[in-house]
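What follows is a single structure, written as structure tokens, with notes after it.
Chains as they are written, first to last, in our numbering: chain A, 1 to 115; chain B, 1001 to 1113.
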């Protein structure tokens, strides 16, 4: 089954304790991205990756890191989480060129609470 | 960079009536405009999209229109049903450019029986 898998789905942590949210897709997509969803603000892009070893900042990258060592994986790293990073996070992927459909496939989301 | 504004933020309609959600974008180079539906507690999913070389696209009860001159696009849902209740997001992207998909703020649509 074609899917984007995120883990963990739910996490409560404390300020300053490093954490990683994993994301994996099995559709051979070149493009992967992380979004955070907050009430009234919609979906804001954190980082995205056009392909292996190619990453770029989105609109709200502060406090986050990513890596793309393999095509299927795109982990989101919070080196020193703070309460303002409490949010619902979505990983998403799609094919990289406009010749394809352009449809973005989302993971199920990871709800993070930083105390 | 691209900026997408979406209105209204909430919309309530009677079952069977039509609903319209509007979005404006700022970057005239944007050439792909998808709409995503997010049911409560679920992930966003694509429901319809349109490219800049097309003015209108329909899929059963939903349609999207694009006005490139005015830089706005709209989602139209006819004969609304309870299962249409959800949050809807518009988005815009320029495929040849940075490929940053920018979303609108979302519209919470409620269908009243």
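Heads up, the beta-carbon is just placed ideally off N, CA and C, and yes, glycines get one too.
Three-way DSSP call (helix, strand, coil) for residue i in this model
| i | result |
| --- | --- |
| residue 84 (chain A) | helix |
| residue 110 (chain A) | strand |
| residue 105 (chain A) | strand |
| residue 15 (chain A) | coil |
| residue 64 (chain A) | coil |
Cβ shell of residue i (< 7 angstroms), same chain only, five flanking positions each side left out
| i | result |
| --- | --- |
| residue 1068 (chain B) | 1052 |
| residue 26 (chain A) | 2, 3, 72 |
| residue 70 (chain A) | 52 |
| residue 1017 (chain B) | 1080 |
| residue 63 (chain A) | 78, 82, 85 |
8 angstroms Cβ shell around residue i - same chain, five flanking residues per side excluded
| i | result |
| --- | --- |
| residue 1091 (chain B) | 1004, 1033, 1034, 1035, 1036, 1101, 1102, 1103, 1104 |
| residue 1011 (chain B) | 1019, 1021, 1107, 1108, 1109, 1110 |
| residue 1048 (chain B) | 1034, 1035, 1057, 1059, 1062, 1063, 1064, 1075 |
| residue 96 (chain A) | 29, 30, 31, 50, 51 |
| residue 1112 (chain B) | 1012, 1013, 1014, 1015 |
8 angstroms contact criterion, which residue i and residue j should meet: CB distance rounded
| i | j | result |
| --- | --- | --- |
| residue 32 (chain A) | residue 93 (chain A) | 5 angstroms |
| residue 11 (chain A) | residue 112 (chain A) | 5 angstroms |
| residue 196 (chain A) | residue 60 (chain A) | The first residue shown for chain A is 1 and the last is 115, placing residue 196 (chain A) beyond what the model contains. |
| residue 1046 (chain B) | residue 1054 (chain B) | Not a contact, Cβ separation roughly 16 angstroms. |
Within-8 angstroms CB hit, residue i to chain E
| i | result |
| --- | --- |
| residue 1049 (chain B) | The chain labelled as chain E is not found among the protein chains of the depicted structure, namely A and B. |
Residues that DSSP places opposite residue i in a beta bridge
| i | result |
| --- | --- |
| residue 48 (chain A) | A:33, A:56 |
| residue 1059 (chain B) | B:1062 |
| residue 1111 (chain B) | B:1013 |
| residue 1081 (chain B) | Paired residue(s): none; residue 1081 (chain B) is not in a bridge. |
| residue 1033 (chain B) | B:1050 |
| residue 94 (chain A) | A:31 |
Beta-carbon contacts of residue i that lie in its chain and below 6 angstroms, excluding the five residues immediately before and after
| i | result |
| --- | --- |
| residue 1021 (chain B) | 1075, 1088, 1107 |
| residue 22 (chain A) | 7, 75 |
Anything in the region 1025 to 1039 of chain B with a Cβ closer than 9 angstroms to a Cβ of chain A? List those residues in chain order, please.
1031, 1032, 1034, 1036, 1038
Scan the region 1100 to 1111 of chain B for residues whose Cβ lies nearer than 8 angstroms to a Cβ of chain A and list them as they occur along the chain.
1100, 1101, 1102, 1103, 1104, 1105, 1106
In the region 1054 to 1073 of chain B, which residues sit with their C-beta less than 9 angstroms from some C-beta in chain A, listed in chain order?
none
Relative to chain B, which residues along the region 39 to 50 of chain A have a C-beta separation below 8 angstroms, given in chain order?
40, 41, 42, 43, 44, 45, 48, 50
Using a Cβ-Cβ cut-off of less than 9 angstroms, give me the residues of the region 15 to 37 of chain A that come near chain B, in sequence order.
31, 33, 35, 37
Compile a chain-ordered list of the residues in the region 58 to 71 of chain A whose CB is closer than 9 angstroms to at least one CB of chain B.
58, 59
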